[in-house]
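Chemist: According to the working numbering, the residues represented by the sequence shown are 0 to 246, in order.
I am attaching a structure below and will ask some questions about it afterwards.
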Amino acid sequence: MAICQLCKKDKKLIKAHIIPEWAFNFLYTKNGKSKPLIIVGADLYTKKRPIGSYDNTILCGNCDSLIGKNYDEPAKDYLSLRNITSGDVVEHLNHVDLTTLKLFLLSVVWRAGITGIEDFAMVSIGAYKERIRELIYKHIILNKHYVDTRGYDIIITRYSSKKHEKIVNDLICLPYNQRMDGVNYVCLFFPNAYKIFIKLDQRPIPNDLMAVTVDRYPKTAIILPLGDLEHSGDYKSLINAVHKAKN
Ligand SMILES: [Zn+2]
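Structural data, given as structure tokens:
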């Protein structure tokens with residue numbers, strides 16, 4: 000028995016995934032044997048993991064399954080390629096409940112921020128541990144329909160790749176804190192080449208970026224294309240890391 004970090008009750012804690020299992024499943028072979036995963040962190044080191052990292056010291060079974068049902072399951076569908084339509088300059092993510100998507104992303108940030116496991120050492124969320132906990136608690140434990148997610152500005156971006164589409168789409172990097180123009184964000188990565196910036200800061204983000212944040216428009220979220228990974232600064236180290244992990 001130990002204290003669950005979400006409901007704060009003394010309960011039996013279970014193996015809770017920090018990043019949902021579906022974000023890893025695409026790398027499993029069909030016979031059920033798992034291939035080594037390639038996980039690349041901000042400093043581009045690689046790790047092999049038979050399953051996604053989990054922590055058995057943070058959540059009780061009830062809280063973990065409520066997070067799974069309310070956030071992780073719908074998000075799997077939301078972030079699939081079939082929901083993306085291309086525009087002239089940006090892409091659009093359709094058929095998404097934007098509040099659920101925001102709360103899902105905040106719940107991953109929260110899980111990464113409260114776990115002590117080494118893979119998530121690059122995420123630090125300070126006072127947001129309690130603020131995000133309260134938000135999730137109100138929403139899924141107290142069943143409040145409306146929770147106020149204003150202020151948590153989220154920018155969705157996506158890499159593309161002509162040469163290495165499979166690698167880029169299958170890649171999942173460990174999350175980390177990033178500061179841009181004096182504002183603090185946590186960066187999360189998901190399959191299909193998503194890199195998502197979640198603002199954890201009281202300071203406002205620049206107006207031009209504000210125009211593309213997740214709940215700026217009803218029913219659709221804007222995805223900013225990051226362009227070909229091959230032309231990004233990360234590319235060389237990334238491919239080296241992938242080759243190293245294969246050997
Ligand atoms: Zn609990």
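Note that beta-carbon positions come from the ideal geometry of N, C-alpha and C, so glycine has one too.
Let's see if you can read the secondary structure: which residues bound the beta strand (DSSP E) around G226?
Modeler: 220-227
Chemist: With M179 as the anchor, note down where its beta strand (DSSP E) starts and where it stops.
Modeler: 175-179
Chemist: Look at Y145 and K101 and say whether their C-beta atoms are less than 8 Å apart.
Modeler: no
Chemist: Is L141 near ligand 1 - that is, is its Cβ less than 7 Å away from at least one heavy atom of it?
Modeler: For ligand 1, not one heavy atom lies less than 7 Å from the Cβ of L141.
Chemist: Hey, N82 and L92 are a contact pair by Cβ (cut 8 Å); roughly how many whole angstroms apart?
Modeler: 6 Å
Chemist: Ends of the beta strand (DSSP E) at E90?
Modeler: Note, E90: beta strand (DSSP E), 90-92.
Chemist: For H230, which residues does DSSP report across the bridge?
Modeler: H230 pairs with nothing; no bridge assigned.
Chemist: Evaluate contact between the stretch 61-81 and the stretch 115-122, counting only Cβ atoms and requiring at least three cross-stretch pairs below 8 Å.
Modeler: no
Chemist: Distance, Cα to Cα, K137 vs D147?
Modeler: D147 has its alpha-carbon roughly 10 Å from the corresponding atom of K137.
Chemist: Run through DSSP, which three-state label would K128 get?
Modeler: helix
Chemist: So within the stretch 75-124, which uninterrupted beta strand (DSSP E) runs reach at least 3 residues, ignoring any that extend past its ends?
Modeler: 83-85, 90-92
Chemist: Tell me, which residues are paired with V185 by DSSP?
Modeler: N176, I197
Chemist: Can you give me the Cβ contacts of K32 inside the same chain, cut-off strictly under 7 Å, excluding the 5 residues immediately before and after it?
Modeler: Here the model assigns K32 a pLDDT of 47, short of 50, so the residue's position is not dependable, and the following value carries that caveat. Correct list: empty, nothing qualifies.
Chemist: By how many angstroms is the C-alpha of S52 removed from the C-alpha of I18?
Modeler: 7 Å
Chemist: Cα separation between A126 and D200?
Modeler: Counting only the Cα atoms, D200 lies some 10 Å from A126.
Chemist: Going by C-alpha to C-alpha distance, which of D87, L223, L58, L134 sits closest to A192?
Modeler: L223
Chemist: Below 8 Å on the Cβ atoms is my guess for V182 versus K198; work out the distance and round it to an integer in Å.
Modeler: 6 Å
Chemist: For E90, count the other beta carbons within 10 Å of its own beta carbon; 16 or more makes it buried, fewer makes it exposed. Which is it?
Modeler: Answer is buried; the Cβ neighbour count reaches 16.
Chemist: What's the call for D54, buried or exposed, on a 16-neighbour Cβ count within 10 Å?
Modeler: Note on D54: 16 or more other CB atoms within 10 angstroms of its CB, so buried under the neighbour-count rule.
Chemist: For the beta strand (DSSP E) containing S159, name the first residue and the last one.
Modeler: Its beta strand (DSSP E) spans residues 153-159.
Chemist: Do you know how far the Cα of D180 is from the Cα of V95?
Modeler: 29 Å
Chemist: With distance defined between alpha-carbon atoms, name the residue in C6, E133, I131, A74 nearest to F188.
Modeler: With distances taken between Cα atoms, F188 lies closest to A74.
Chemist: Skipping 5 residues on each side, what residues in its chain have a beta carbon closer than 6 Å to that of D214?
Modeler: L97
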